[in-house]
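Enquirer: The structure under discussion is supplied below as structure tokens; questions concerning it will follow.
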Amino acid sequence: MTHPTIPFNLMKVHLMVAVEGRLFRKWFAAAPDLSYYFIWDKTDVYSQKVYGLSEAFVSVGYEYESCPDLILWEKRTAVLQGYEIDASKLGGWSLDKHHALNIQSGILHKGNGENQFISQQPPVIGSIMGNGRRRSISCPSCNGLADGNKLLAPVALTCGSDGSLYVGDFNYIRRIFPSGNVTNILELSHSPAHKYYLTTDPITGSIYLSDTNSRRIYKIKSTTSVKDIVKNAEVLAGTGDQCLPFDDTRCGDGGKGTDATLTNPRGENNSSSQTFFQGVCLRGACLVMLEAALLSNAENTLRFCKPSPVSPQRHPKCLPLEISGYVPPSSSSPY
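This is the structure we're talking about:
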């Protein structure tokens, strides 16, 4: 806190350390080469254990005899490490191949006692697929190594539970395996050019596609052994017809998903309870469609939401409408 030589009128040195809501204060009589070792007990202001990294704010103040009412402060920050996550739970022992990841602090606690501070590493971006050149529209021989493989127009992306990446590359849905190989799993219509969206079921790993061109929601049948990539999808919702304003049938509300009409189906998502969320635009207002994931030998339910009468123009709230009796469609080709 002080140098080997200090000013003759330096009277006191003040120290303040703030970490996780706790404030530590201490002062020292002025002396050369003054230092202090601060030991943190790895708890916060509520006496709870703190895991990962924490930022400490250190302030050192200098009080002089000539100015007793004024303290000159120098401020610094430091990173302190809290408790480590125990992956093995073996009474203090650990397995060298059993690691634990602290997502919040970005620390990988390895079983051999080593800590890898991911959050402290510089951000690095790398290429997984593509070489800057465009592939042809028809590309049946594009399977192989993903690195350096050509792309045409990537428009959608989702990931699988096994680490695979699913890329919507214009008229092909392509799967990039963790091994680095890529294969086509679905071929779409390429005329006219249009936007579509992909999402993954977190439980089953199924891939869903919302197509703005055909006004349908699809489920990809298989992501492994695909015999015919043109027929590797089944209709989940939508007839292909447009939902028009003031439709007498309310665009299929209250019926089967395959009998409903949609307008410009967009972003989609799944929950851990196997519920499918689909953002669509019907009757000039943004709606949300919820559909239970396809389960073998189980009845499925389709539910729609309608705009709230409070504010139907801007981000309307949804009032749920229960729609039961959804039956999985036949395996006919959607294109």
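Following our numbering, the numbering of the sequence shown begins with 6 at its first residue and continues without gaps. Heads up, the beta-carbon is just placed ideally off N, CA and C, and yes, glycines get one too. What you are looking at is a predicted structure, and each value in this text was computed from that prediction instead of being measured.
What beta strand (DSSP E) runs, 3 residues minimum, are completely inside the segment 145-204?
Expert: Listed in chain order, the complete beta strand (DSSP E) runs (minimum 3 residues) inside the segment 145-204 are 159-164, 170-174, 177-181, 186-192.
Enquirer: On the CB-based measure, 16 or more other CB atoms within 10 Å of its CB, does V24 come out buried or exposed?
Expert: Buried, by the Cβ-count rule.
Enquirer: Round the Cβ separation of K200 and T217 to the nearest angstrom and send it over; I've been treating them as touching at under 8 Å.
Expert: Confirmed, about 5 Å.
Enquirer: Cα separation between R271 and S219?
Expert: Using only the alpha carbons, I get a separation of about 12 Å.
Enquirer: Who are A83's beta bridge partners in DSSP?
Expert: DSSP lists A61 as partners of A83.
Enquirer: Applying the 10 Å Cβ sphere with the 16-neighbour rule, what's the burial state of S62?
Expert: It is worth fixing the name first, because residue 62 is Phe in this sequence and not Ser. The residue in question, F62, is exposed, as its Cβ has fewer than 16 Cβ neighbours within 10 Å.
Enquirer: Taking just the CA atoms, how far does P250 sit from P183?
Expert: So the alpha carbons of these two residues sit roughly 46 Å apart.
Enquirer: CA-CA distance, G344 and L106?
Expert: The question about residue 344 has no answer, for the chain in this structure spans 6 to 340.
Enquirer: Where does S335 land, buried or exposed, given buried means 16+ other C-beta within 10 angstroms?
Expert: Note on S335: pLDDT 39, under 50, position unreliable in the model; the coordinate value appears next. Result: exposed.
Enquirer: What is the DSSP secondary structure of Q125, reduced to helix, strand or coil?
Expert: If DSSP states are grouped into helix, strand and coil, Q125 belongs with the helices.
Enquirer: Look at the Cβ atom of S59, then the Cβ atom of G87, and state whether they are nearer than 8 Å.
Expert: Result yes, Cβ atoms of S59 and G87 sit closer than 8 Å.
Enquirer: Determine the direct distance from the alpha carbon of I130 to that of L28, and round the result to whole angstroms.
Expert: Distance between the alpha carbons of L28 and I130: 39 Å.
Enquirer: Assign T48 to one of three DSSP states: helix, strand, or coil.
Expert: DSSP places T48 in strand when its eight states are reduced to three.
Enquirer: Does the segment 65-82 touch the segment 45-57, meaning 3 or more C-beta pairs lie closer than 8 Å?
Expert: No, the segment 45-57 does not touch the segment 65-82.
Enquirer: Do you know how far the Cα of A151 is from the Cα of V187?
Expert: If you take the alpha carbons of V187 and A151, they lie about 5 Å apart.
Enquirer: Using a Cβ-Cβ cutoff of less than 7 Å, which residues in the same chain neighbour W45 once the five nearest sequence positions on both sides are dropped?
Expert: Counting only Cβ-Cβ distances below 7 Å, and skipping sequence neighbours, we find V24, L85.
Enquirer: Using CA coordinates, which residue listed in N189, R81, I11 is at the minimum distance from L20?
Expert: When each option's Cα is compared against that of L20, the closest is R81.
Enquirer: Ends of the beta strand (DSSP E) at V24?
Expert: Start and end: 15-24.
Enquirer: Looking at the structure shown, is R139 part of a helix, part of a strand, or coil, going by DSSP?
Expert: Residue state, collapsed to three classes: strand.
Enquirer: How about the segment 33-42 and the segment 9-17: do they share at least three Cβ pairs that are nearer than 8 Å?
Expert: The segment 33-42, when compared against the segment 9-17, does touch it at the 8 Å Cβ threshold.
Enquirer: What's the C-alpha gap between S110 and S124?
Expert: Approximately 7 Å between the Cα atoms of the pair.
Enquirer: Do R221 and A242 count as a contact pair if the criterion is CB distance below 8 Å?
Expert: Going by C-beta atoms, A242 is nearer than 8 Å to R221.
Enquirer: Use the C-beta contact count for H8: other C-beta atoms within 10 angstroms, 16 or more gives buried, fewer gives exposed.
Expert: Counting Cβ neighbours within 10 Å, H8 comes out exposed, since fewer than 16 surround it.
Enquirer: Check whether the Cβ atoms of G116 and L100 lie closer than 8 Å to each other.
Expert: Yes; because the gap between Cβ atoms is below 8 Å, this pair is in contact.
Enquirer: Determine the burial state of I142: buried for a count of at least 16 other Cβ atoms within 10 Å of its Cβ, exposed for fewer.
Expert: Counting Cβ neighbours within 10 Å, I142 comes out exposed, since fewer than 16 surround it.
Enquirer: DSSP state of G260, grouped into three classes?
Expert: G260 falls in the coil class under three-state DSSP.
Enquirer: According to DSSP, simplified to helix, strand and coil, what is R255?
Expert: R255 falls in the helix class under three-state DSSP.
Enquirer: Please classify T10 as buried or exposed, where buried requires at least 16 other C-beta atoms within 10 Å of its C-beta.
Expert: With fewer than 16 other Cβ atoms within 10 Å, it is exposed.
Enquirer: Can you grab the Cα-Cα spacing for the pair D74 / A83, in whole Å?
Expert: If you take the alpha carbons of D74 and A83, they lie about 28 Å apart.
Enquirer: Answer with buried or exposed for F4, where buried requires no fewer than 16 other C-beta atoms within 10 angstroms of its C-beta.
Expert: The structure shown has nothing for residue 4, since the chain only spans 6 to 340.
Enquirer: Go ahead and pull the three-state DSSP assignment for P250.
Expert: P250 falls in the coil class under three-state DSSP.
Enquirer: Here's a check: name, in chain order, each residue in its chain whose Cβ is nearer than 7 Å to the Cβ of Q247, leaving out the five neighbours to either side.
Expert: Taken in chain order, the residues that qualify are R220, T266, T268.
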